[in-house]
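Enquirer: Mapping to UniProt numbering: the sequence shown position 680 is 680, numbers consecutive. Ideal Cβ placement from N, Cα and C applies to all residues, glycine included.
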Amino acid sequence: MLIRLAVPTPLRRSFDYLYKGTAPAVGCRVVVPFGRQKLTAVVLSHPESSQVPSSKLKYIDKVIDSEPLLPDVLFKLIRFAADYYQHPIGEVFANCLPTLLNKGEPARLEPEWQWSLTTSGEDAIPKIRSNAVKQKQLFQLCLEHNGVITEQVLGLYDFIPSYLKTFEEKGWLVRSEQKPSQVVYEPEAGYDTESVTLTNEQEDAVDSIKPNFGSFKGFLLDGVTGSGKTEVYLQLIREALSRQQQVLMLVPEIGLTPQTVKRLERRFNVPIAMLHSGLTDKQRLNIWLKARAGKISIVIGTRSALFTPLANPGLIIVDEEHDLSYKQQEGFRYSARDLAIVRAQYEQTPIVLGSATPSMESLHNVEQGKLSLLRLTKRAGEAKPPHIKVLDVRQRHLNQGLSQPLIDNMRKHLAQNQQCMIFLNRRGFAPTLMCHECGWIADCQRCDRHMTYHQRFKRLHCHHCDKQVFMPKRCPECQSPQLNPVGLGTERLEEALKEIFPDKSVARIDRDSTRRKDSMQKFVEAIKNDEIDILIGTQMLAKGHHFPKLSLVGVVDTDGCLFSADFRATERTAQLLTQVAGRAGRSKGIKGEVVIQSHHPDHPLLVNLFTQDYQTLSRNILAERQEAQLPPFTAMAIFRAEASTLEMPMTFLNDVKQQLKQSDLSVYGPFPAPMPKRAGKMRAQLMVQHSLRKRLQQVLSPITPTLEQLPSSRKVRWSIDIDPQEVF
Numbered sequence: 001m002l003i004r005l006a007v008p009t010p011l012r013r014s015f016d017y018l019y020k021g022t023a024p025a026v027g028c029r030v031v032v033p034f035g036r037q038k039l040t041a042v043v044l045s046h047p048e049s050s051q052v053p054s055s056k057l058k059y060i061d062k063v064i065d066s067e068p069l070l071p072d073v074l075f076k077l078i079r080f081a082a083d084y085y086q087h088p089i090g091e092v093f094a095n096c097l098p099t100l101l102n103k104g105e106p107a108r109l110e111p112e113w114q115w116s117l118t119t120s121g122e123d124a125i126p127k128i129r130s131n132a133v134k135q136k137q138l139f140q141l142c143l144e145h146n147g148v149i150t151e152q153v154l155g156l157y158d159f160i161p162s163y164l165k166t167f168e169e170k171g172w173l174v175r176s177e178q179k180p181s182q183v184v185y186e187p188e189a190g191y192d193t194e195s196v197t198l199t200n201e202q203e204d205a206v207d208s209i210k211p212n213f214g215s216f217k218g219f220l221l222d223g224v225t226g227s228g229k230t231e232v233y234l235q236l237i238r239e240a241l242s243r244q245q246q247v248l249m250l251v252p253e254i255g256l257t258p259q260t261v262k263r264l265e266r267r268f269n270v271p272i273a274m275l276h277s278g279l280t281d282k283q284r285l286n287i288w289l290k291a292r293a294g295k296i297s298i299v300i301g302t303r304s305a306l307f308t309p310l311a312n313p314g315l316i317i318v319d320e321e322h323d324l325s326y327k328q329q330e331g332f333r334y335s336a337r338d339l340a341i342v343r344a345q346y347e348q349t350p351i352v353l354g355s356a357t358p359s360m361e362s363l364h365n366v367e368q369g370k371l372s373l374l375r376l377t378k379r380a381g382e383a384k385p386p387h388i389k390v391l392d393v394r395q396r397h398l399n400q401g402l403s404q405p406l407i408d409n410m411r412k413h414l415a416q417n418q419q420c421m422i423f424l425n426r427r428g429f430a431p432t433l434m435c436h437e438c439g440w441i442a443d444c445q446r447c448d449r450h451m452t453y454h455q456r457f458k459r460l461h462c463h464h465c466d467k468q469v470f471m472p473k474r475c476p477e478c479q480s481p482q483l484n485p486v487g488l489g490t491e492r493l494e495e496a497l498k499e500i501f502p503d504k505s506v507a508r509i510d511r512d513s514t515r516r517k518d519s520m521q522k523f524v525e526a527i528k529n530d531e532i533d534i535l536i537g538t539q540m541l542a543k544g545h546h547f548p549k550l551s552l553v554g555v556v557d558t559d560g561c562l563f564s565a566d567f568r569a570t571e572r573t574a575q576l577l578t579q580v581a582g583r584a585g586r587s588k589g590i591k592g593e594v595v596i597q598s599h600h601p602d603h604p605l606l607v608n609l610f611t612q613d614y615q616t617l618s619r620n621i622l623a624e625r626q627e628a629q630l631p632p633f634t635a636m637a638i639f640r641a642e643a644s645t646l647e648m649p650m651t652f653l654n655d656v657k658q659q660l661k662q663s664d665l666s667v668y669g670p671f672p673a674p675m676p677k678r679a680g681k682m683r684a685q686l687m688v689q690h691s692l693r694k695r696l697q698q699v700l701s702p703i704t705p706t707l708e709q710l711p712s713s714r715k716v717r718w719s720i721d722i723d724p725q726e727v728f
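1) Quick one: residues in its chain with C-beta nearer than 8 Å to the C-beta of T538, no 5 flanking neighbours on either side, listed in chain order?
2) Report the three-state DSSP secondary structure of C438 (helix, strand or coil).
3) Which residues does DSSP list as the beta-bridge partners of C420?
4) Work out the CA separation of G585 and A6 for me, nearest whole Å.
5) Within 10 angstroms of its Cβ, does R379 collect 16 or more other Cβ (buried), or is it exposed?
6) Hey, would you say A23 sits closer than 8 Å to F216, going by beta carbons?
7) Thinking C-beta only, is P211 closer than 8 Å to E91?
8) Count the other C-beta atoms from every protein chain shown that fall within 10 angstroms of the C-beta of T349, then say buried if there are 16 or more, exposed otherwise.
9) Taking S513 as the reference, which of G487, N529 and L541 has the closest Cα?
10) Kindly identify the DSSP beta-bridge partner or partners of A643.
11) Just mark L692 as buried or exposed, buried being the case when its beta carbon has 16 or more other beta carbons within 10 Å.
12) Taking just the CA atoms, how far does T99 sit from G228?
13) Taking C-alpha atoms, which residue in L550, P71 and R36 lies nearest to A311?
14) Curious, which full-length beta strand (DSSP E) runs of at least 3 residues does the segment 462 to 547 contain?
15) In three-state DSSP terms, what is T119?
16) Run through the segment 23 to 59 for me and flag every whole beta strand (DSSP E) of 3 or more residues, listed as ranges in chain order.
17) Nearest to V26 by alpha carbon, out of D65, C142 and L138?
18) Count the other CB atoms, across all protein chains shown, that sit within 10 Å of the CB of D557; report buried if there are 16 or more and exposed otherwise.
19) Could you check whether E201 and R375 sit closer than 8 Å to each other, using their CB atoms as the reference points?
20) Count the CB pairs spanning the segment 631 to 647 and the segment 681 to 698 that are closer than 8 Å, and state whether there are at least three.
21) Around the Cβ of A442, are there at least 16 other Cβ atoms within 10 angstroms (buried) or fewer (exposed)?
22) So F93 is in the alpha helix (DSSP H); what residue range does that whole segment cover?
23) Got a sec? Which residues, its chain only, sit under 6 Å from M575 by beta carbon, not counting five neighbours each side?
24) Does DSSP put T452 in a helix, a strand or coil?
25) Name the one or two DSSP bridge partners that Y668 has.
26) Grouping DSSP H, G and I as helix and E and B as strand, with all else coil, what is A584?
27) Under a Cβ-count criterion, where at least 16 other Cβ atoms within 10 Å of its own Cβ denotes burial, should E253 be classed as buried or exposed?
28) DSSP three-state label for S701, please.
29) Tell me the residue span of the alpha helix (DSSP H) that contains W288.
30) Which same chain residues end up closer than 6 Å to V469 when comparing Cβ atoms and leaving out the 5 residues on each side of it in sequence?
31) Identify every residue that forms a DSSP beta bridge with A430.
32) On a Cα-Cα basis, can you pick out the residue from L101, V656 and S663 that is closest to D671?
33) Got a sec, what are the start and stop residues for the beta strand (DSSP E) Y17 sits in?
34) Using only alpha-carbon positions, find the residue among A565, I351 and I89 that is nearest to S208.
35) Starting from D443, trace the beta strand (DSSP E) in both directions and tell me its first and last residue.
36) For H387, report the span of its beta strand (DSSP E) as first-last.
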């Protein structure tokens, strides 16, 4: 008998095998021989016949599951995603399943442990030495979680269970098996939502969405920064829980997850699962299985959480829906936001996309009637919008990128015991290193980019291929010792601000300073506890965070964003500046101010952004896109290829172009990528477009699998990106 499988290989097709005995159901896992390997595959169907002669077919080795692993809806979603994004079906399943399931482990819940604070543990808390940092942190965790720490909480704060061994030996903590939490939602003391007073706009938004529970409808919640979008989410989650349904909430950054979970825990006495990078494979599998069994009420996580199975789904929320991180940029290049809408349609649940700066795609979907628009135009409470001004820095003296008016403004706000944030979207000490004598610049040998200088480690780091080298003591060209940092990075800005404000605490928050899993959470707590006066941040701080005492935001260098060749540059810059500005003055009584330094204060984007609102600007952007026939008014795909020389990817992409010659698609290229060399490989790309998304798929679906047969394909590594978010 025949069985058709999704085998995790880069080949864009399924594979037929033979089996004896009872047929494994569609959606079950099996172990099969594949070349010299044994791989875990997923059953797709039981076909009547195969194009491969039965004499050449192999038998499956073992059936792992006695029943389908995935709910029908999720199985259907994964198959749709593989077809739509033109990616090998086996790799898509492997991406969507927990690691242990891909390794053939049984889909069985393993026991999880929890540690409870004892009476002697409570007595020991005041006696802990001041230098026993780990012990103090663990006791603090206990107190924050009502005297009980679970494995999931430990993972979130970068602790491992072995740290608690000393506590157990001293009798401060007692370990026990974690019992399944109560799933049924019942409002309890301490979880009262009636005391929350909604604004009229919030109430209208909730009332518009509530009647749609139990059916599919998409909503775009367009709320200015600080307007209380999260409170709308909480009211809707409450409605779903009261129906004994589950909620899936997607957030763009792992740094936003803990604070969102804390708000959910304060509001709802139900099991909440957080999917984050600190989880072990076992913990991730347990959450996956619990959610599938209906033992978790709220699942919150980044884009991969989209593929978590739910027994009784009731609501899907995508917070900060415009964020680029919802689009996977390597391998299986899917958009979690777009697939979330498809999943909501399959599950027959409402979906809410929230943002202060909605994407052009979502606004276009509103115009087409695919999403319903709900607006929150005022900040919650009595907080006022910040005052925004663009500061012309031409011919002004700049102290490490800071103008005197900005420094004076900072002094004024700090004197009022308020916090300031300086935004610079460039980490490191300086963008590169240059020789004063001969002009040599520290370029990456593997990429067409400069290497960033990190002063703390005296190291040059390429942020594109991750190559790192120690800073040379002399110029490699002329042997001069005069090597000077060129340009401004967050490290250099931190150094300058510490000199200008020696009596104030300065914190730098970027990808380098938050490498530890719990560091971002510690920074956020320190800011809220008023332990930090001046923040220096990249776009990590631009979204979602609420800092009550932050009153001034200074944007140091916007000019680099204003002249990008990517057609989405205007949209992205407008979103970034609006989100950054939205961090200021979010609390009652605190007057927010935003100062944007620029050498181009008359640039149309800056003029329009702060003389109009984001909605007016987005309408203008959409009109320009329609006139130029660019997404979202056309469907786009990009073929990318790379090899050791540029000739090979160009040859392959020319062959692809020949395949598309007879179609009605618009084809552009091939041409070298904007950064032709990356990680030692030469790259090129080919862009295709059509006014109809369906037509683009009709042309690409039969052609893409045949490209593997092209002789030129064997010499390159190639991919296809449907609905690309980064064109250049």
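Expert: Short version:
1) F423, L424, N425, R426, R427, T490, I509, D510 and R511
2) coil
3) I534 and L552
4) 52 Å
5) buried
6) no
7) no
8) buried
9) L541
10) M682
11) exposed
12) 37 Å
13) P71
14) 468 to 470, 483 to 486, 506 to 509 and 534 to 537
15) helix
16) 29 to 34 and 37 to 45
17) D65
18) buried
19) yes
20) yes
21) buried
22) I89 to C96
23) One detail in the question is off: residue 575 reads as Gln in this sequence, not Met. So the list reads H322 and T357, once near-sequence residues are dropped.
24) strand
25) M687
26) coil
27) buried
28) helix
29) D281 to A293
30) L460
31) Y453
32) According to the sequence as given, residue 671 is Phe; it is not Asp. Nearest C-alpha to F671: V656.
33) F15 to L18
34) I351
35) Here D443 belongs to no beta strand (DSSP E), and DSSP marks it neither H nor E.
36) H387 to D392
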